[in-house]
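Chemist:
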Amino acid sequence: MPHTKQTMKLVSLGDSLTEGVGDTTNKGGFVPLIGEKIDDNQNIKTTTSNFGLSGDRSDQIYDRLKQQPKIQKALSKATVITLTVGGNDLLQVIQKNILTNDESKLTKAIDAEKVTYLKKLDELFKEIRKYNSNAPIYTISVYNPFYVYFPNMGSMTTIVQSWNNTTKKVIKNDKNSYFVDVAKQLSEGQYYGKKSALTKTSDSSDLSGLSGLNLEKVLQEKDEKNDYISVTDHFHPNNKGYEKMTELLYKSMQENHLFK
-5 MPHTKQTMKL
5 VSLGDSLTEG
15 VGDTTNKGGF
25 VPLIGEKIDD
35 NQNIKTTTSN
45 FGLSGDRSDQ
55 IYDRLKQQPK
65 IQKALSKATV
75 ITLTVGGNDL
85 LQVIQKNILT
95 NDESKLTKAI
105 DAEKVTYLKK
115 LDELFKEIRK
125 YNSNAPIYTI
135 SVYNPFYVYF
145 PNMGSMTTIV
155 QSWNNTTKKV
165 IKNDKNSYFV
175 DVAKQLSEGQ
185 YYGKKSALTK
195 TSDSSDLSGL
205 SGLNLEKVLQ
215 EKDEKNDYIS
225 VTDHFHPNNK
235 GYEKMTELLY
245 KSMQENHLFK
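Here the sequence shown is numbered in our numbering, starting from -5 and rising by one per residue.
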């Protein structure tokens, strides 16, 4: 249903992407930006609550929700909910297997972990719905921060797509949830839609491109080749990246009739 009130309470739950790691203003990444965008474009007074915590996996977000009445209370009063989840779940399984340089082993490990992740995410959604059964939930996808460095390595793109598809499965089971896909635009940065113009810094087409000296070299770069990714850690969005996330989130809200 469209939102018809003149006030809106936006509650954001999740990991470092909700906390706003990489945002040099230290205001909380996309959370204050989406509040401002709604204010400016819809003439709706929007208050935001940010419960993002860097490093949290899906089960850890779930545990915080279970244990913190402050989050529960905020959710119960929310008009709209945003969620960033899954990146640290995926990162954990990659880190456990990446040093093997065995792509088939990584694929099997990820397939097994996807089953676990789906169950954990389903539990998280059900817990959120205990406190608010009506507010729409907008879940933002994960992306590949190393794409611009290893554009030929299709395996990592496939892994990210597969992980996002698992998230979509849980979203489809909720009557008022929406998937905000930022993967392609944040992964490709300024090269979005211009892959042919992307300077290929690696011929790697397999897992070896993201291991050992190659990855270490990326993380030690003084500059970042993706205009949307933080130069500090080459992993999280920078201010421009969070602005792009906000743009895509707002577009999803419009397309799914959040506003009258």
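For glycine and all other residues, C-beta sits at the position ideal for the given N, C-alpha and C.
Per DSSP, what are the beta-bridge partners of Gly8 in this structure?
Modeler: Gly46 and Thr78
Chemist: Leaving out five residues before and five after Asp57 in sequence, what residues of the same chain have Cβ atoms less than 7 Å from its Cβ?
Modeler: none
Chemist: Given this structure, state the Cα-to-Cα distance separating Asp256 from Asn233, to the nearest angstrom.
Modeler: This structure gives no information on residue 256, because the portion of the chain shown stretches from -5 to 254.
Chemist: In three-state DSSP terms, what is Phe24?
Modeler: helix
Chemist: Can you look up Val176 in the DSSP assignment and give me helix, strand or coil?
Modeler: coil
Chemist: Assuming Pro130 and Asn37 form a contact by the criterion Cβ under 8 Å, report the distance between their Cβ atoms to the nearest whole angstrom.
Modeler: In fact, because the Cβ distance is near 19 Å, the residues do not count as touching under 8 Å.
Chemist: Between which two residues does the beta strand (DSSP E) harbouring Ile134 extend?
Modeler: Ile131 to Ile134
Chemist: Could you tell me the alpha carbon to alpha carbon distance between Ala68 and Leu59, rounded to whole angstroms?
Modeler: 10 Å
Chemist: If we count the other Cβ atoms within 10 Å of its Cβ and call it buried at 16 or more, is Met(-5) buried or exposed?
Modeler: Caution is warranted here: a pLDDT of 48 is assigned to Met(-5), below 50, making its placement in the model unreliable, and the coordinate value is therefore given only provisionally. Classification for Met(-5): exposed.
Chemist: Please classify Val109 as buried or exposed, where buried requires at least 16 other C-beta atoms within 10 Å of its C-beta.
Modeler: With fewer than 16 Cβ atoms within 10 Å of its Cβ, Val109 is classed as exposed.
Chemist: With a threshold of 16 other CB atoms inside 10 Å of the CB of Pro145, please say whether the residue is buried or exposed.
Modeler: buried
Chemist: According to DSSP, is Ser171 helix, strand or coil?
Modeler: Under the three-state reduction of DSSP, Ser171 is assigned to strand.
Chemist: Taking one C-beta from the segment 156 to 171 and one from the segment 216 to 227 each time, how about it: are there three or more such pairs within less than 8 Å?
Modeler: The segment 156 to 171 and the segment 216 to 227 do not touch, with fewer than 3 CB-CB distances between them shorter than 8 Å.
Chemist: How many whole angstroms separate the CB atoms of Ser246 and Tyr172, which I take to be in contact at a CB cut-off of 8 Å?
Modeler: 6 Å
Chemist: I'd like the list of long-range same chain contacts for Ile65, defined as Cβ closer than 6 Å, with 5 residues on each side in sequence excluded.
Modeler: Counting only Cβ-Cβ distances below 6 Å, and skipping sequence neighbours, we find Phe45 and Leu59.
Chemist: Report the three-state DSSP secondary structure of Met(-5) (helix, strand or coil).
Modeler: At Met(-5) the pLDDT is 48, less than 50, meaning the model places this residue with poor confidence and gives no usable figure here.
Chemist: Are the CB atoms of Val15 and Thr42 nearer to each other than 8 Å?
Modeler: No. Outside cutoff.
Chemist: Verify whether the separation of the beta carbon atoms of Asp33 and Gly81 is less than 8 Å.
Modeler: Cβ atoms of Asp33 and Gly81: not closer than 8 Å.
Chemist: Assuming Val5 contacts Ile75 under a Cβ cut-off of 8 Å, what Cβ separation, rounded to an integer in Å, is found between them?
Modeler: 5 Å
Chemist: Residue ranges of each beta strand (DSSP E) run of no fewer than 3 residues wholly in the segment 115 to 166, ordered along the chain?
Modeler: Counting only runs of 3 or more, we get 131 to 134.
Chemist: Is Val225 helix, strand or coil by DSSP?
Modeler: coil
Chemist: Quick check: the Cα distance between Lys216 and His228, rounded to an integer number of angstroms?
Modeler: 10 Å
Chemist: Does the separation of the CB atoms of Leu112 and Lys163 fall below 8 Å?
Modeler: Yes.
Chemist: Among Glu182, Leu27, Asn128 and Glu30, which has the Cα closest to the Cα of Thr73?
Modeler: Ranked by Cα distance from Thr73, the options Glu182, Leu27, Asn128 and Glu30 are led by Asn128.
Chemist: On the three-state DSSP scale, how would you describe Lys60?
Modeler: helix
Chemist: Please report how far the alpha carbon of Lys238 lies from the alpha carbon of Lys211, in whole angstroms.
Modeler: 27 Å
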